[in-house]
Amino acid sequence: MAETGGDMNRRMKLFWRLPVAAALATAAAGALGPAAHADSSSSSSSGSSGSNTNVVGEAVTTEAIGAQFAFNIPNLIPLPNQNLVEEDLAFARSTVSTGPTVDSIGAPYYPGDILANLGGLESEFFPPQLPNTPYPFMARAQYPATPSYGATSTFAGGAGPAPGGTAAANVNGGNASGTVSDIVVGAGMGQGGAPLLEFAAMQSQESATIATSSITGTATSVVKAIEVAGMVDITQVTSSAQSTSDGSNGQPSASVKLGQVTVDGQQAYIDNQGVHVAGNGTSSVAVPTPQQLQASLNQTLSQDGITIRLVDPKQTTNGAEGIADSGGLEITINHNFSVPFVNTGGLTNGAVQPCIPTQDIGSVPIPGLQGQQALGNVCLPAGNYTAVTSVVLGMATADVNASVIAPLSVPNSVGLGNTGLGNTGLGSLSSLGSTATLGSVSGPGTSGTAPTHLGGGLLKFPIRGVPAPLGWVVLGLILCVIFAYPLMLTARWQFLVGRR
Numbered sequence: 000m001a002e003t004g005g006d007m008n009r010r011m012k013l014f015w016r017l018p019v020a021a022a023l024a025t026a027a028a029g030a031l032g033p034a035a036h037a038d039s040s041s042s043s044s045s046g047s048s049g050s051n052t053n054v055v056g057e058a059v060t061t062e063a064i065g066a067q068f069a070f071n072i073p074n075l076i077p078l079p080n081q082n083l084v085e086e087d088l089a090f091a092r093s094t095v096s097t098g099p100t101v102d103s104i105g106a107p108y109y110p111g112d113i114l115a116n117l118g119g120l121e122s123e124f125f126p127p128q129l130p131n132t133p134y135p136f137m138a139r140a141q142y143p144a145t146p147s148y149g150a151t152s153t154f155a156g157g158a159g160p161a162p163g164g165t166a167a168a169n170v171n172g173g174n175a176s177g178t179v180s181d182i183v184v185g186a187g188m189g190q191g192g193a194p195l196l197e198f199a200a201m202q203s204q205e206s207a208t209i210a211t212s213s214i215t216g217t218a219t220s221v222v223k224a225i226e227v228a229g230m231v232d233i234t235q236v237t238s239s240a241q242s243t244s245d246g247s248n249g250q251p252s253a254s255v256k257l258g259q260v261t262v263d264g265q266q267a268y269i270d271n272q273g274v275h276v277a278g279n280g281t282s283s284v285a286v287p288t289p290q291q292l293q294a295s296l297n298q299t300l301s302q303d304g305i306t307i308r309l310v311d312p313k314q315t316t317n318g319a320e321g322i323a324d325s326g327g328l329e330i331t332i333n334h335n336f337s338v339p340f341v342n343t344g345g346l347t348n349g350a351v352q353p354c355i356p357t358q359d360i361g362s363v364p365i366p367g368l369q370g371q372q373a374l375g376n377v378c379l380p381a382g383n384y385t386a387v388t389s390v391v392l393g394m395a396t397a398d399v400n401a402s403v404i405a406p407l408s409v410p411n412s413v414g415l416g417n418t419g420l421g422n423t424g425l426g427s428l429s430s431l432g433s434t435a436t437l438g439s440v441s442g443p444g445t446s447g448t449a450p451t452h453l454g455g456g457l458l459k460f461p462i463r464g465v466p467a468p469l470g471w472v473v474l475g476l477i478l479c480v481i482f483a484y485p486l487m488l489t490a491r492w493q494f495l496v497g498r499r
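If you use numbering that gives the first Met the number 0, the sequence shown corresponds to residues 0 to 499, in order.
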């Protein structure tokens, strides 16, 4: 038994040494904890530096026009009162859609999309043997390239200061330009035989640029040496529009600037109400007063059916979409004309009709068409009509909308909860931390949604600087040994040593 007692004494001494070892192990676990925390902080900072969002979708339209002519005759045919014919001078436009798919057009003269694309519609109405004849007076580029349009294009109208256009399209966006010079409208119809409108030169250019984290669209139009009705001279109209979208916010900006304005040599200015003579000009002797010149101007413009006003810029933001519209200088010309009575003779048994009637489709025995009238079937009654020609100088617009997706966010650390060493033992384990969430996707036609959290918040540890579980794993193993060792000694003494 003495030998057995000696063994017990040695074992008891070893048992009391275990708390000291546990304390040292706890300190080691604490040392491991801060080291793990330091590594986590470093990876978090490096990860945050690369948290920029990436563009995954785009919808862009950038357009610059030196002068846009729109023609309308109200109540001529049964259509809403809108422009029937359009003509653009110094035209440049790029459209970009998700893919990206890019279409850029630059032209000195552009008749609008309907007339410009009539050649592509020939295959729908004519035999396939007939070749398609696209609008020839333009430069057009597309991405991806097609058999009809490549990555770059240039149109030149001839030698000297001739009209021209350029266009380019690639994976990073597109750009285009259009130029034209020496334009005269309504020759001899202004004061003293001067033309109604005259321009020395126009130039328009635009671009749409796709970057990694944003999309930018710009458009600029410049019109130089403008003369209206032989009285109003404007040195230059400069319009610009720009819009940027990063998928979350649109940032548009637009402006229109007029150069020097004079009326018969006298200083003047133009606003949204019209032309105003300010005086203090450089005209020769016996110049009229500003009031007299203003009255003369108003009378001349009224006789010619001309109104002049400045259209203010507009900026619109719809979430990730930014729309910039420069406005411009608007000149409206009204033309009056008369339609006489027409004697149609035998077609109407000698009766006098307002116009030559056309066939009523309702009289044709076709099921479903009885009582209906074909487009243009209403005769133009005799009387006076007014044709309206609207000219806007210096147009620039940029409509940009980007869609982005945020990178996957990774939590800095995941903990196991609070542990305690009191009377209750190891303490309770709280819920796990939050899981990683995927950022929202927003873009054209959709609205962004906030990230959805699938779990609770990250746990906080009772020991500062030990967010990683490695130290707690080591400590847990040591505590298991400490609390299980007396039981192991008792079992060994009962089954082995004590029974000798």
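Positions of the beta carbon are idealized from the N, C-alpha and C atoms, including for glycine.
Just confirm the distance between the C-beta atoms of G177 and A89, as a whole number of angstroms; I'd bet it's less than 8 Å. Sequence index remark: in the sequence shown, residue 177 carries index 178 (1-based). Sequence index remark: in the sequence shown, residue 89 carries index 90 (1-based). Confirmed, Cβ separation roughly 4 Å.
Neighbourhood of P99 by C-beta, 8 Å cutoff - its chain only, sequence neighbours within 5 removed: As a working note, residue 99 is residue 100 in the sequence shown. E57, Y142, V170, G172 and I209.
Option nearest V221 by Cα separation, candidates V227, Q204 and T215: For the purposes of this step, residue 221 is taken as residue 222 along the sequence shown, with counting starting at 1. If we check each option's Cα against that of V221, Q204 comes out closest.
Rounded C-beta distance between V260 and A253? I'm assuming under 8 Å. As a first step, residue 260 is located in the sequence shown; it is residue number 261 there, counting from the start. As a first step, residue 253 is located in the sequence shown; it is residue number 254 there, counting from the start. At roughly 21 Å, the Cβ-Cβ gap does not stay under 8 Å, so V260 and A253 are not in contact.
Using the C-alpha atoms, what's the distance from T331 back to S337? Within the sequence shown, the letter at position 338 stands for residue 337. Within the sequence shown, the letter at position 332 stands for residue 331. Looking at the two C-alpha atoms, the distance is approximately 20 Å.
Could you compute how far the alpha carbon of T316 sits from the alpha carbon of V399? Here the question's residue 316 lines up with position 317 in the sequence shown. Here the question's residue 399 lines up with position 400 in the sequence shown. Whole-angstrom Cα-Cα distance: 10 Å.
Quick test of the definition: if touching needs 3 or more C-beta pairs under 8 Å, does the region 139-153 touch the region 186-202? no
Helix or strand or just coil, what does DSSP make of Y148? Taking the sequence shown and counting its residues from 1, one reaches residue 148 at position 149. Looking at Y148 - three-state DSSP - the assignment turns out to be coil, as it is neither helix nor strand.
Return the CA-CA distance between P133 and V276, expressed in angstroms with no decimal places. Taking the sequence shown and counting its residues from 1, the one referred to as residue 133 is at position 134. Taking the sequence shown and counting its residues from 1, the one referred to as residue 276 is at position 277. P133 and V276: Cα-Cα distance of roughly 47 Å.
Relative to the ligand SAM, is the shortest distance from any of its heavy atoms to the C-beta of A58 smaller than 7 Å? The model depicted lacks the ligand SAM and carries no ligand whatsoever.
Would you call M487 buried or exposed, if buried means 16 or more other Cβ atoms sit within 10 Å of its Cβ? For the purposes of this step, residue 487 is taken as the residue at position 488 of the sequence shown. Classification for M487: exposed.
Secondary structure of N271, DSSP reduced to three states: The residue you call residue 271 lines up with position 272 of the sequence shown. Residue state, collapsed to three classes: coil.
Would the beta-carbon of A240 fall within 8 Å of that of S103? Taking the sequence shown and counting its residues from 1, one reaches residue 240 at position 241. Taking the sequence shown and counting its residues from 1, one reaches residue 103 at position 104. No.
Cut-off 6 Å between Cβ atoms - residues of its own chain near E329, not counting five sequence neighbours on either side: Indexing the sequence shown from 1 puts residue 329 at position 330. So the qualifying residues of the chain are R308, V310 and V391.
Taking Cβ positions, are V255 and G327 nearer each other than 8 Å? Locating residue 255 in the sequence shown gives position 256, where the first residue counts as 1. Locating residue 327 in the sequence shown gives position 328, where the first residue counts as 1. A contact, by the Cβ cut-off of 8 Å.
Please state the DSSP three-state secondary structure of T489. Along the sequence shown, one-based indexing puts residue 489 at 490. Note: T489 maps to helix in three-state DSSP.
I need the straight-line Cα distance from G393 to G273, nearest angstrom please. As a working mapping, residue 393 is identified with position 394 in the sequence shown. As a working mapping, residue 273 is identified with position 274 in the sequence shown. Looking at the two C-alpha atoms, the distance is approximately 17 Å.
Taking G246 as the reference, give the member of I481, V59 and A193 with the closest Cα. Mapped onto the sequence shown, residue 246 falls at position 247. Checked all of I481, V59 and A193; the closest Cα to G246 is V59.
What does the Cβ neighbour count give for L540, buried or exposed, with the cut at 16 atoms within 10 Å? Residue 540 cannot be examined here, being either before or after the span of the chain that is shown, 0 to 499.
Grab me the residues of T217's own chain with a C-beta within less than 6 Å of its C-beta, minus the 5 sequence neighbours each way, in chain order. Mapped onto the sequence shown, residue 217 falls at position 218. S206 and Q241, listed in sequence order.
If you measure between the beta carbons of P251 and I305, is that distance less than 8 Å? Within the sequence shown, residue 251 is the residue found at index 252, counting from 1. Within the sequence shown, residue 305 is the residue found at index 306, counting from 1. Their beta carbons are not under 8 Å apart, which means P251 does not touch I305 by this criterion.
Could you pull out every residue in the same chain whose Cβ sits closer than 7 Å to the Cβ of L296, ignoring the five residues on either side in sequence? Along the sequence shown, one-based indexing puts residue 296 at 297. Only M230, V262, V274 and V276 meet the Cβ criterion.
Please state whether DSSP places F136 in a helix, a strand or coil. As a working note, residue 136 is residue 137 in the sequence shown. Looking at F136 - three-state DSSP - the assignment turns out to be coil, as it is neither helix nor strand.
Exposure of G191, with buried meaning 16 or more beta-carbon neighbours within 10 Å: Mapped onto the sequence shown, residue 191 falls at position 192. Burial call: exposed.
With 16 as the cutoff for other CB atoms within 10 Å, does I113 come out buried or exposed? Translated into positions along the sequence shown, residue 113 becomes position 114. With fewer than 16 other Cβ atoms within 10 Å, it is exposed.
Indicate the three-state DSSP secondary structure (helix, strand or coil) for A506 in the structure shown. The question about residue 506 has no answer here: the residues shown for the chain are numbered 0 through 499.
Output yes or no for whether 8 Å exceeds the beta carbon distance between G164 and A106. Here the question's residue 164 lines up with position 165 in the sequence shown. Here the question's residue 106 lines up with position 107 in the sequence shown. Yes.
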